[in-house]
Amino acid sequence: MMGWDQLAAFVVVVAALIVVPGPSVLFVVSRGVALGRRAAVSTAVGNEAGMLVQVLLVAVGLGGIVERSALVFSVLKFAGALYLVHLGVHAWRHRKELAVTPEQERTTRSSAQILREGFIVGVSNPKGFLIFTAVLPQFVSPDSGSVPVQLLALGLICVIIALISDAAWGVLAGTVRGWLGHSPRRLSFIGGASGAVMVGLGVKLAFSSRP
């Protein structure tokens, strides 16, 4: 089993990598500002559900394929980029719909839809695969038991840290939205800005080089 010192070092390294804003964090923030705290937390849960799928893939060995295959990595990256652009364009087109009452908001956007969108962004985020394929193996010891089980356990720790981090970012962003709620014009501007951020994230992700 991994010693407490090694586990603490792992948590510090992973937390530092996860807290740094990437596509998932900025997506959660944009949702928090545009749709509120509940939507931001739901997006974070969806993101981490997607990350959990990545953990399972890495634990059974498919993460190595992504790590070694430039084609598979590129397909995953572009799929996530296109989806971010799609969501950004949608947010821009419907930016004026943000100026609604909480009751209207609950009827116009379901939690299932928000979770699904967060899941797609999370499962297609290359940053997660890079962490799981480049960082996790450094803390795995064949002498400490089953390697897939160790990878799964360490991956679950990553998911928990990411959920706490993303949810905190989202709640903060949603709180700012509440402060802006007195001005429909400001909310419309924020909605358009969040859409532009998502499009920018998608473009940046599409043209980013592989480390």
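Going by the working numbering, the letters in the sequence shown line up with residues 8 to 218, in that order. Note that beta-carbon positions come from the ideal geometry of N, C-alpha and C, so glycine has one too. Given the structure is predicted, the values throughout are model-derived calculations rather than measurements.
Check the C-beta distance from V166 over to V62 and give it rounded, since I have them as a contact under 8 Å.
-> The residue you call residue 166 lines up with position 159 of the sequence shown. The residue you call residue 62 lines up with position 55 of the sequence shown. About 6 Å; that satisfies the 8 Å criterion.
How many whole angstroms separate the CB atoms of V26 and S172, which I take to be in contact at a CB cut-off of 8 Å?
-> Numbered from 1 along the sequence shown, position 19 holds the residue referred to as residue 26. Numbered from 1 along the sequence shown, position 165 holds the residue referred to as residue 172. Contact flag correct, Cβ pair sits at about 5 Å.
Any idea if G68 is buried or exposed, counting beta-carbon neighbours within 10 angstroms, 16 or more meaning buried?
-> Reading the sequence shown from its first residue, position 61 is the one you call residue 68. That one is exposed.
Can you list the alpha helix (DSSP H) stretches of 4 or more residues lying completely in the stretch 124-194, in chain order?
-> Runs of the alpha helix (DSSP H) inside the stretch 124-194: 133-141 and 154-187.
Which of helix, strand or coil DSSP assigns to V67 | In the sequence shown, residue 67 corresponds to position 60, counting from 1. Three-state result, V67: coil.
Quick one: give me the first and last residue of the alpha helix (DSSP H) that S117 is part of.
-> Within the sequence shown, numbered from 1, the residue matching residue 117 stands at position 110. That residue, S117, is in no alpha helix (DSSP H); it is neither H nor E in DSSP.
If you compare alpha carbons, which of V206, I138, A175 and F214 is closest to V32?
-> Here the question's residue 32 lines up with position 25 in the sequence shown. Out of V206, I138, A175 and F214, A175 has the C-alpha closest to the C-alpha of V32.
What residue from N54, F146, A46 and P133 has the CA that sits closest to W11's CA?
-> Position 4 of the sequence shown, counting from 1, holds the residue named residue 11. Relative to W11, the option among N54, F146, A46 and P133 whose CA is nearest is F146.
Outcome for Q13 when other beta-carbon atoms lying within 10 angstroms are tallied against a minimum of 16 | Position 6 of the sequence shown, counted from the start, is the residue given in the question as residue 13. With a 10 Å radius around the Cβ and a threshold of 16 neighbouring Cβ atoms, Q13 comes out exposed.
Backbone secondary structure at G43 - three-state DSSP | Counted from its first residue, the sequence shown places residue 43 at position 36. Coil.
If L64 sits next to I138, beta carbons under 8 Å apart, how far is it from one beta carbon to the other, in whole angstroms?
-> Taking the sequence shown and counting its residues from 1, one reaches residue 64 at position 57. Taking the sequence shown and counting its residues from 1, one reaches residue 138 at position 131. Beta-carbon to beta-carbon, L64 and I138 are separated by about 13 Å, too far to satisfy the 8 Å threshold.
Straight-line Cα distance separating G162 from V154 | Within the sequence shown, the letter at position 147 stands for residue 154. Within the sequence shown, the letter at position 155 stands for residue 162. For V154 and G162, the distance between alpha carbons rounds to 12 Å.
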